[in-house]
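See below for the structure under consideration.
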Amino acid sequence: MRHGVTLHPKAARYNTPMATNPAPTSTRPRPLRRGVRTAALALVLGLLTSLAVAATVAFSADPPSTPPNIMRSFMAHGQPWSISESSHFGARRALWSQLTFDSLYTPQDLKKRFPDGPPDDAALVLNTLREMYDPLILSRPGGRSLHSPASWGQFAPGAAAPQPGLRGSDYGFGWPFTCLWYQVLGNDQGMTVVGAQLRGGLLISGQPATVGDAHCRIIPLRPAWPGLLGNTFIFAAAWLLVLLAVPMLVRAKRRRRGLCPACAYDLRGTPAGSPCPECGSVSAVRWDSV
Ligand SMILES: [Zn+2]
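Residue numbers (the working numbering): 203 to 492.
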């Protein structure tokens with residue numbers, strides 16, 4: 203019995219000087235360690251959320267098949283290339299092909315324009331493509347003409363050159379950035395592309411397509427690192443808010459009800475200014491002062 207109030211049996215132990223009683227602080231994680239643990243948990247949850255969003259988008263709808271609204275034309279591996287991109291929420295499709303005058307003109311027009319055969323001039327091919335297709339692309343909603351490849355897919359920095367004669371569609375998924383992708387390659391045979399081969403994806407149903415509309419469900423397995431990092435940080439920030447807000451709300455609710463904010467022990471019988479008899483938390487003094 204102290205101060206005329208009945209204490210919990212453990213109270214006597216915690217009311218002795220701290221030097222002889224280190225148990226309460228040593229068993230609870232230090233704030234710094236707890237902060238690092240919360241941040242790490244938020245990052246893991248952010249990564250899992252990024253992957254889950256990308257996989258869900260890929261699994262829930264056909265890949266984009268609307269007309270392209272982004273045209274990319276650029277030099278890579280010493281050759282001119284073009285990429286036609288179409289998109290819907292959380293999904294992008296990038297059809298790429300090597301640019302030649304043969305792919306821009308019909309044989310008759312080619313003969314008319316270059317009677318002695320088309321020049322071997324990559325810059326001229328790129329400019330011709332831009333002059334022919336930019337007005338069309340720019341007239342579409344959200345239409346853009348870009349002169350560099352995307353950060354993911356076949357022409358991501360450091361990626362190897364495609365084998366000669368191949369065309370491909372890179373299908374990217376994720377929100378807000380593309381973070382997972384797969385690829386469908388085919389052999390370019392003039393006006394058609396044959397022999398669709400799926401790379402980096404898990405076919406669930408349907409038929410992969412290099413060109414034309416694709417009706418299929420394919421789970422993308424290749425990471426698009428810049429987008430994966432970006433999405434992970436964005437979702438981790440959201441998770442961090444949740445992870446910080448929930449304990450704060452719990453502690454505030456306990457404090458209002460006269461309970462120890464740390465362990466929910468009933469403090470209504472504990473004198474003002476005393477640490478919590480159950481866990482030794484000094485924050486327990488706060489409710490008495492209210
Ligand atoms: Zn307590």
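Just so you know, even glycine gets a beta-carbon here, dropped at the ideal spot from N, CA and C. Small disclaimer: the values here were computed from a predicted structure and weren't measured.
Take residue i and list the residues in its own chain whose beta-carbon comes closer than 8 angstroms to its own, dropping the five residues that flank it on each side.
i, result
"residue 416", "264, 265, 267, 295, 371, 373, 386, 408, 409, 410"
"residue 402", "383, 384, 385, 422, 423, 424"
"residue 396", "388, 389"
"residue 400", "384, 385, 386, 410, 420"
"residue 244", "438, 439, 441, 442, 445"
Ordered along the chain, which non-local residues of its own chain (more than five positions away) have a Cβ less than 6 angstroms from that of residue i?
i, result
"residue 256", "375, 376, 381, 382"
"residue 390", "367, 369"
"residue 260", "375, 421, 422"
"residue 345", "271, 339"
"residue 406", "419"
"residue 228", "At residue 228 the pLDDT is 48, less than 50, meaning the model places this residue with poor confidence; the figure from the coordinates comes in the next sentence. Closer than 6 angstroms at the Cβ level, and outside the excluded window around residue 228, lies no residue."
By alpha-carbon positions, which one of the options ends up nearest to residue i?
i, options, result
"residue 325", "335, 340, 301, 319", "301"
"residue 358", "288, 250, 278", "278"
"residue 333", "352, 306, 355", "306"
"residue 285", "259, 238, 350, 313", "350"
"residue 280", "469, 364, 241", "364"
"residue 347", "447, 253, 331, 252", "331"
"residue 329", "283, 459, 247, 443", "283"
"residue 298", "446, 452, 276", "276"
"residue 444", "248, 337, 323", "248"
"residue 352", "455, 379, 344", "379"
"residue 252", "431, 450, 460, 448", "431"
"residue 291", "262, 232, 236, 398", "262"
"residue 404", "322, 394, 418, 469", "418"
"residue 287", "406, 450, 451, 412", "412"
"residue 240", "361, 448, 309, 322", "448"
"residue 414", "314, 242, 426, 394", "394"
"residue 361", "483, 460, 427, 477", "427"
"residue 242", "435, 232, 269", "435"
"residue 293", "483, 258, 323, 315", "258"
"residue 269", "246, 254, 289", "289"
In or out: residue i buried (at least 16 other Cβ within 10 Å) or exposed?
i, result
"residue 368", "buried"
"residue 429", "buried"
"residue 366", "exposed"
"residue 223", "Model confidence at residue 223 stands at a pLDDT of 47, short of 50, so the residue's coordinates are unreliable and nothing is read from them."
"residue 437", "buried"
"residue 303", "buried"
"residue 458", "exposed"
"residue 340", "exposed"
"residue 343", "exposed"
"residue 355", "buried"
"residue 456", "buried"
"residue 327", "buried"
"residue 234", "exposed"
"residue 308", "exposed"
"residue 469", "buried"
"residue 477", "buried"
"residue 471", "exposed"
In its own chain, which residues sit with a C-beta less than 7 angstroms from the C-beta of residue i, not counting the 5 before and 5 after it?
i, result
"residue 320", "303, 312"
"residue 453", "463"
"residue 335", "273"
"residue 238", "none"
Within 7 angstroms (strictly less), CB to CB, does residue i reach chain B?
i, result
"residue 363", "No chain B appears in the structure shown, which is made up of a single protein chain."
Review point. Who's in the neighbourhood of ligand 1, going by beta-carbon under 5 angstroms from any heavy atom, listed in chain order?
Key: The set of residues with CB atoms less than 5 angstroms from any heavy atom of ligand 1 reads, in chain order, 462, 464, 465, 467, 478, 480, 481, 483.
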